[in-house]
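Structure record follows, encoded as structure tokens.
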Amino acid sequence: MLKEDFAAAAALSGDLLDRWYEPVERAMMEFAIVSPQRAAAFIAQIAHESGGFLYTREIWGPTAAQSRYEGRADLGNTQPGDGRRFLGRGLIMITGRANYAAMGAALGIDLIAEPEQLEKPILAARSAGRWWADHGCNEIADGGDFEALTRRINGGLNGYADRVRRWGAARAAMGA
């Protein structure tokens with residue numbers, strides 16, 4: 043993927059473009075997000091999830107929903123403080139001790155000891171690519187069902203209008 047294509051697809055320029063182009067491009071290659079359809083869908087989704095590549099760490103209130111992270115067995119949050127310690131990080135917000143452990147094992151890094159590593163561009167992008175591949179998102183993108191893809195990533199349709207807007211721009215830039 044050319045840098046100018048990524049810039050147009052992600053609506054990035056300047057420092058943000060320089061910061062994100064290489065990590066995202068490498069992650070896309072590593073996890074076979076290589077067709078125009080896959081690339082456009084991936085870029086649109088991670089752009090939304092990260093607030094336009096501004097955030098690799100969930101903004102913490104804590105909100106009522108964030109307060110419920112504590113003690114959630116489905117997230118593996120079994121230790122006091124796990125809810126806050128394993129808040130959403132990366133370009134696709136990995137959340138919960140169990141998900142950090144699984145992602146760390148998949149990427150060969152200890153995310154339990156240093157969860158903040160997912161905030162850095164290379165691991166933020168790689169974790170998003172790995173999550174995407176592990177959850178069948180390439181195949182959904184191939185089929186063009188953006189609503190199903192959003193549900194897979196988000197669990198619902200949170201921010202769907204923004205995701206669709208970003209997807210349109212990314213498809214135009216990627217020739218999808």
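Each residue of the sequence shown is one higher than the one before, counting from 43 in our numbering. Positions of the beta carbon are idealized from the N, C-alpha and C atoms, including for glycine.
So is residue i buried or exposed if we call it buried at 16+ other beta carbons inside 10 Å?
i, result
"ILE136", "buried"
"LEU91", "This sequence places Glu at residue 91; Leu is not what is there. When all chains shown are included, GLU91 counts as buried."
"ALA51", "buried"
"GLY171", "buried"
"ALA212", "buried"
Between the Cα of residue i and the Cα atoms of the options, which residue gives the shortest distance?
i, options, result
"LEU149", "GLU100, ASP204, ALA69", "ALA69"
"ALA74", "ALA203, ILE134, GLY113, ASP184", "ASP184"
"LEU117", "GLY130, ALA214, ASN200", "GLY130"
"PHE128", "ILE151, ALA106, LEU160", "LEU160"
"ALA86", "VAL206, ALA218, GLY138", "VAL206"
"GLU112", "THR98, ARG139, GLY94, GLU100", "ARG139"
Is the CB-CB distance between residue i and residue j below 8 Å?
i, j, result
"TRP209", "ALA53", "no"
"GLU169", "GLY123", "The question names Glu, but residue 169 is Ser in the sequence shown. No."
"ILE88", "ILE151", "no"
"GLN108", "ALA218", "no"
Cα separation between residue i and residue j?
i, j, result
"PRO157", "ASP60", "24 Å"
"PRO163", "PRO65", "6 Å"
"ALA215", "PHE48", "8 Å"
"ILE182", "GLU72", "18 Å"
"HIS177", "ARG194", "8 Å"
"TRP174", "TYR63", "18 Å"
"ASN180", "PRO104", "33 Å"
What are the residues that DSSP puts in a beta bridge with residue i?
i, result
"ILE136", "ARG131"
"ARG99", "ARG131"
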